[in-house]
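Q:
2 protein chains.
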Amino acid sequence: MNAPTYELYYWPGIQGRGEFVRLALEDAGAPYVDVARLPAAKHGGVAAMQKLMKSHALEPFAPPFLRSGDVVIAQVANILFYLGPRLGLVPDDEASRLGAHQLQLTITDLVAEVHDTHHPISIELYYEDQKPEALRRSQAFLAERIPKFLGYFERVLDRHGGRHLLGGAMSYVDLSMFQVIEGLRYAFPHAMAAFAPRIPKLVALHDRVAERPRIAAYLASDRRIPFNEDGVFRHYPELDPAPSKRR
Amino acid sequence: MNAPTYELYYWPGIQGRGEFVRLALEDAGAPYVDVARLPAAKHGGVAAMQKLMKSHALEPFAPPFLRSGDVVIAQVANILFYLGPRLGLVPDDEASRLGAHQLQLTITDLVAEVHDTHHPISIELYYEDQKPEALRRSQAFLAERIPKFLGYFERVLDRHGGRHLLGGAMSYVDLSMFQVIEGLRYAFPHAMAAFAPRIPKLVALHDRVAERPRIAAYLASDRRIPFNEDGVFRHYPELDPAPSKRR
């Protein structure tokens, strides 16, 4: 029996929210196609993505979404909930699956707040059209929300033995936490360098995930799109001042 | 065999995010205790809620959370995913459960954006400390996001026959959509009155949910906390100008 080939649909030029799904598929060595990154001649591209999106019985509100046979699933945390047991990235019992999902949904909340640091007014406007508000929101995010969210995850990790967020074994939540740390370091290098001593276990988890053979190979490949200023994690130096310039 | 008594933990003075769980429990006629609304003498109150929250192996990041026997589950959509089949509020097959959850997570995204109309900078600040930004965000929300989100749900409803968002039968998603429409009408009465002709099927769904006997009884009871300016849906007249005063 062949493993199914998963089809991932997401914007082709960014890591964005799709990256949390890519990391799970890559770590599991699962066969998948990143459809919108293929040329139109191979039935790929954004137009193919939007066509499937609009025609499906339960239309996704937005990418990413995953097709697996007849099933089309949207919302990152929902996709990971579905993939988790199939990829061996979460224990199969209900309590573990709900616990992992609870943590993933909290990561979803954090990622939405990261997005709003550069788009506090409207996603229909450019960053350049909401810069004063972005600065104010970023200051609050770094002062209050980073400590609250990452302090929470550090506590969960500590309480579960320090190796894995879910306890006994690696799960897709650990992979997502790698991406959160990696993304926050890209977006806010000064703030994260200053905060790192308060989250030693999360930093160690990040490093262990980066060394997993399939993840290391993925990160070194051209399948890993570099961070850029179109994704969720964006680096605008004015939102992350050097320590000497901080108020 | 007795049905389990569910324990809901949420801030006692607001509908907030807990209301989506209350509506499911009420519609199903499920036995539940709204723990933080009980007096401390009955093991209730906010202190009891926070004590359980901090002591649980998988600490919730924030209320609401649900206790069912030994299980403690946080995140509204996760709670509804768990309760759905147990309360008969979603079909038991995987495809239906994932589809309902996908819709519920999109409602979660909408509710987060509603929250940010009055708190676009920081939840640690009062609304009064972020009024100019709140006005700007609300204008964008009403002009762009309400049409995008509600237009999407109207389309899903239409494609599924017009009676239920998930298709064949009432689900917890329909109950949550009632609350979204009710809350948006409270917060933005002018804007919603103007927008209503574009979402006739959602409005009719809202009205049918309000007439369900257990929901009608609940809404008329003192268990239903009135909307107020501490919850997610807040009415600040300056954020919802009368049509004649709109730009």
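Going down the list, the sequences are from chains A and B. Using the numbering used here, you'd call the opening residue of the first sequence number 971 and step up by one each time. Using the numbering used here, you'd call the opening residue of the second sequence number 971 and step up by one each time. C-beta atoms are modelled at their ideal positions from N, C-alpha and C, and glycine is treated no differently.
#1: Considering just the uninterrupted stretch of the beta strand (DSSP E) at Val1042 (chain B), what are its terminal residues?
#2: List the residues of chain A whose Cβ lies closer than 9 Å to the Cβ of Phe1158 (chain B), in chain order.
#3: For Ser1297 (chain A), which three-state DSSP category applies?
#4: So Leu978 (chain A) is in the alpha helix (DSSP H); what residue range does that whole segment cover?
#5: When DSSP labels each residue in this structure, what does Tyr1096 (chain A) get in the three-state scheme?
#6: Whether or not the region 1055-1070 of chain A and the region 1119-1126 of chain A are in contact is what I'm after, with contact meaning three or more pairs of Cβ atoms, one per stretch, closer than 8 Å; do they touch?
#7: So Val1003 (chain A) is in the beta strand (DSSP E); what residue range does that whole segment cover?
#8: Under a CB-based cut-off of 8 Å, is Pro1090 (chain B) close to chain A?
#9: So the candidates are A:Glu1181, A:Ala1174 and A:Gln1045; which of them puts its Cα closest to the Cα of Ile1077 (chain B)?
#10: Run down chain A in chain order and give the residues with a C-beta less than 7 Å from the C-beta of Ala1082 (chain B).
#11: Counting only beta-carbon atoms, is Arg1129 (chain B) nearer than 8 Å to chain A?
#12: Reducing DSSP to helix, strand and coil, say where Leu1135 (chain B) ends up.
#13: Quick check: the region 1194-1201 of chain B against the region 978-985 of chain B, are there 3 or more CB pairs under 8 Å?
#14: Is there contact between the region 1076-1090 of chain A and the region 1080-1092 of chain B, where contact requires at least three CB pairs shorter than 8 Å?
#15: Apart from the five residues on each side of it in sequence, which residues of its chain come closer than 8 Å, Cβ to Cβ, to Leu995 (chain B)?
#16: Kindly list, in the order they appear in chain A, the residues whose Cβ is closer than 7 Å to that of Ala1065 (chain B).
#17: Determine which residues of the region 1023-1040 of chain A have a Cβ less than 8 Å from any Cβ of chain B, and write them out in chain order.
#18: Using three-state DSSP, classify Glu1199 (chain B) as helix, strand or coil.
#19: Using the rule of at least 16 other Cβ atoms within 10 Å of the residue's Cβ for burial, across every protein chain shown, is Met971 (chain B) buried or exposed?
#20: Looking at Arg1155 (chain A) and Met1162 (chain A), is the spacing between their C-beta atoms short of 8 Å?
#21: Please report the distance separating the alpha-carbon of Ala1157 (chain A) from that of Pro1196 (chain A).
#22: Please report whether the beta-carbon of Asp1086 (chain A) lies at a distance below 8 Å from any beta-carbon of chain B.
#23: Would you verify that the beta carbon of His1134 (chain B) is, or is not, closer than 8 Å to some beta carbon of chain A?
#24: Looking at the C-beta of His1013 (chain A), does it have a partner C-beta in chain B at a distance below 8 Å?
#25: State buried or exposed for Gln1100 (chain A), treating a residue as buried only when at least 16 other CB atoms are found within 10 Å of its CB.
#26: For chain B, check one thing: does any of its Cβ atoms lie closer than 8 Å to the Cβ of Val1126 (chain A)?
#27: Whole angstroms are fine: how far does the CA of Ala1032 (chain B) sit from the CA of Val1173 (chain A)?
#28: Quick check: Leu1135 (chain A) and Ser1066 (chain A), are their CB atoms within less than 8 Å of each other?
#29: Determine, for Tyr979 (chain B), whether the minimum Cβ-Cβ distance to residues of chain A falls below 8 Å.
#30: How is the alpha helix (DSSP H) around Glu1083 (chain A) delimited, first residue to last?
#31: Starting from Gln985 (chain B) and walking both ways along the alpha helix (DSSP H), at which residues does that stretch end?
#32: How far does the alpha helix (DSSP H) with Arg1155 (chain B) in it reach, from first residue to last?
#33: Going along chain A in order, which residues have a C-beta closer than 8 Å to the C-beta of Gly1069 (chain B)?
#34: Let me know if Arg1007 (chain A) comes out buried or exposed under the rule of 16 or more other beta-carbons within 10 Å of its beta-carbon.
#35: Could you check whether the Cβ of Arg1184 (chain A) sits closer than 8 Å to any Cβ belonging to chain B?
#36: Please classify Val1016 (chain A): does DSSP put it in a helix, a strand, or coil?
A: A quick look at the data gives this:
#1: Val1041 to Ala1044
#2: None at all; the shortest Cβ gap to chain A is about 16 Å.
#3: Not covered by the structure: residue 1297 (chain A). The range shown for chain A is 971 to 1217.
#4: Per DSSP, Leu978 (chain A) belongs to no alpha helix (DSSP H); it is in the beta strand (DSSP E), Tyr976 to Tyr979.
#5: Under the three-state reduction of DSSP output, Tyr1096 (chain A) falls in the coil class, being neither helix nor strand.
#6: no
#7: Tyr1002 to Asp1004
#8: yes
#9: A:Gln1045
#10: Within 7 Å Cβ-Cβ: Ala1082.
#11: Residue-level contact check: Arg1129 (chain B) touches chain A, since one or more beta carbons of chain A fall below 8 Å from its beta carbon.
#12: Reduced to three states, the DSSP call for Leu1135 (chain B) is coil.
#13: yes
#14: yes
#15: Tyr976, Leu978, Tyr1002, Leu1053 and Leu1057
#16: Val1041
#17: Listed by position, the residues of the region 1023-1040 of chain A near chain B (Cβ gap below 8 Å) are Ala1027, Leu1028, Glu1029, Pro1030 and Phe1031.
#18: coil
#19: Any reading at Met971 (chain B) needs caution, since the residue's pLDDT is 47, under 50, leaving its predicted position unreliable; the model's value is listed next. Exposed.
#20: yes
#21: 13 Å
#22: Yes, contact with chain B.
#23: no
#24: For His1013 (chain A), the closest Cβ of chain B is not nearer than 8 Å.
#25: Residue environment analysis places Gln1100 (chain A) among the buried positions, since at least 16 neighbouring C-beta atoms fall within 10 angstroms of its C-beta.
#26: yes
#27: 23 Å
#28: no
#29: no
#30: Going by DSSP, Glu1083 (chain A) is part of the alpha helix (DSSP H) stretching over Glu1064 to His1088.
#31: Per DSSP, Gln985 (chain B) belongs to no alpha helix (DSSP H) and is neither H nor E.
#32: Tyr1142 to Ala1157
#33: Listed by position along chain A, the residues whose Cβ is nearer than 8 Å to that of Gly1069 (chain B) are Leu1028.
#34: buried
#35: The C-beta of Arg1184 (chain A) comes no closer than 8 Å to any C-beta of chain B.
#36: Val1016 (chain A): helix per DSSP, three-state reduction.
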